[in-house]
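Residue numbers for the sequence shown follow full-length UniProt numbering, beginning at 1 and rising by one.
Idealized CB from N, CA, C, for every residue including glycine.
Being a predicted model, the structure only gives us computed values, none of them experimental.
Contents: one structure, followed by commentary.
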Amino acid sequence: MAGSGRLALGALQVPGWVRGSSPAVLSRLRDAAVVRPGFLSAAEEETLSRELEPELRRRRYEYDHWDAAIHGFRETEKSRWSEASRAILQRVQAAAFSPGQTLLSPVHVLDLEPRGYIKPHVDSIKFCGATIAGLSLLSPSVMRLVHTQEPGEWLELLLEPGSLYILSPPSRHEHSPVAGRPPHPTQPQPVFSCRGSARYDFSHEILRDEESFFGARRVPRGRRISVICRSLPEGMRPGELGQPPPAC
1 MAGSGRLALG ALQVPGWVRG SSPAVLSRLR DAAVVRPGFL SAAEEETLSR
51 ELEPELRRRR YEYDHWDAAI HGFRETEKSR WSEASRAILQ RVQAAAFSPG
101 QTLLSPVHVL DLEPRGYIKP HVDSIKFCGA TIAGLSLLSP SVMRLVHTQE
151 PGEWLELLLE PGSLYILSPP SRHEHSPVAG RPPHPTQPQP VFSCRGSARY
201 DFSHEILRDE ESFFGARRVP RGRRISVICR SLPEGMRPGE LGQPPPAC
C-alpha cells in the first residue's frame, strides 16, 4: 500500500465517496468519519472562495510546517465573515456540532497549492476538541485514514468541491441499525462519519497529486481550500488556545 497511491485490490466501497479495507473497518468508522457531498451549492462555494481570496493572496505558500505535517500550503485564522458566509458556517455548525459544544471562534482556513499535500498525522487533543468539520473548495481530493498500529486497516474519503467532512464522536451522527444486526458495509447512508477512534487511533492525510486515486479512479489534484470549524478542547475556556491549529 505505502506510496502506491492505490490501495489493495478487494477494498470495499460505499457507493460514491467512502471505501475501506474491510467490512470491520467500515462498520467501526461508519458513524465516525462523515462525508456530505454537495453540502454547498456552486454559488455558496463561490461566495466563500471570493471572500477568502484577497486575504490568502497576500500570503506565500510555505513548504514546512511547525510539526512537518503540511507541504505547499498557506493558512489563516478568520473570525470576521460576510453575512452570506456566516449563514453557511451556521449550517456547518448545525450539521456537525451538538448544541452543547463550544466552537473555537476563529475558523481555520488552509490553502494547498496543486502540488501541496498533508502528510499522515494524528490530531493533538491540545489544539481542538472532539469535533472537526471541514468544507472543501475548488479541487477534489482524497483523505486517507490508516490505523497507527495496524496499517492494513484503512479508510478513504472522496472530498469533492462543495462537500463537508466531519470528524467527530459517534453520538452526533449515530444511526440506529436493527438491534443485534450489524450495519451492512455497502448500505448507502445520507451521512457517513471519524469518531474519536478514527481521529486518534488512525492517522489521516490528504494525498499528493501523483498518489491521488480513489480506488481505480484518478482524482486529479488542483488548488484546494478547506474551511475548518473546530470544537473547543475539553477543559479549555474560549480565548485560552494559543497554539497552532491542526493540519486538517
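Reference residue i; option with closest CA among the options
{"i": "arginine 60", "options": "Pro151, Thr102, Ile70, Arg74", "result": "Arg74"}
{"i": "glutamate 62", "options": "Gly20, Arg115, Glu153", "result": "Arg115"}
{"i": "glutamate 46", "options": "Ile166, Phe213, Pro161, Glu210", "result": "Pro161"}
{"i": "glutamine 93", "options": "His147, Gly134, Ile225", "result": "Gly134"}
{"i": "alanine 33", "options": "Leu158, Arg208, Arg217, Glu210", "result": "Leu158"}
{"i": "lysine 78", "options": "Leu56, Leu138, Arg91, Glu205", "result": "Leu56"}
{"i": "aspartate 111", "options": "Phe127, Ser49, Gly152, Phe213", "result": "Ser49"}
{"i": "tryptophan 17", "options": "Arg86, Ser203, Arg208, Glu156", "result": "Glu156"}
{"i": "histidine 147", "options": "Ser124, Pro120, Leu138", "result": "Pro120"}
{"i": "histidine 204", "options": "Ile225, Pro151, Arg86", "result": "Pro151"}
Distance between residue j and residue i (C-alpha atoms, nearest Å)
{"i": "tyrosine 117", "j": "proline 233", "result": "26 Å"}
{"i": "arginine 144", "j": "leucine 26", "result": "13 Å"}
{"i": "alanine 84", "j": "serine 168", "result": "26 Å"}
{"i": "valine 35", "j": "serine 163", "result": "7 Å"}
{"i": "glycine 20", "j": "tyrosine 200", "result": "17 Å"}
{"i": "glycine 222", "j": "serine 141", "result": "8 Å"}
{"i": "glutamate 210", "j": "arginine 218", "result": "9 Å"}
{"i": "cysteine 229", "j": "tyrosine 165", "result": "11 Å"}
{"i": "phenylalanine 39", "j": "alanine 95", "result": "10 Å"}
{"i": "serine 139", "j": "alanine 24", "result": "30 Å"}
{"i": "glycine 129", "j": "proline 37", "result": "24 Å"}
Cross-strand partners of residue i (DSSP beta bridge)
{"i": "tryptophan 154", "result": "Val146"}
{"i": "glutamate 53", "result": "Bridge partners of glutamate 53: none, in fact."}
{"i": "residue 249", "result": "Residue 249 falls outside the range modelled here, since the chain spans only 1 to 248, and no answer is possible."}
{"i": "glutamate 62", "result": "Phe73"}
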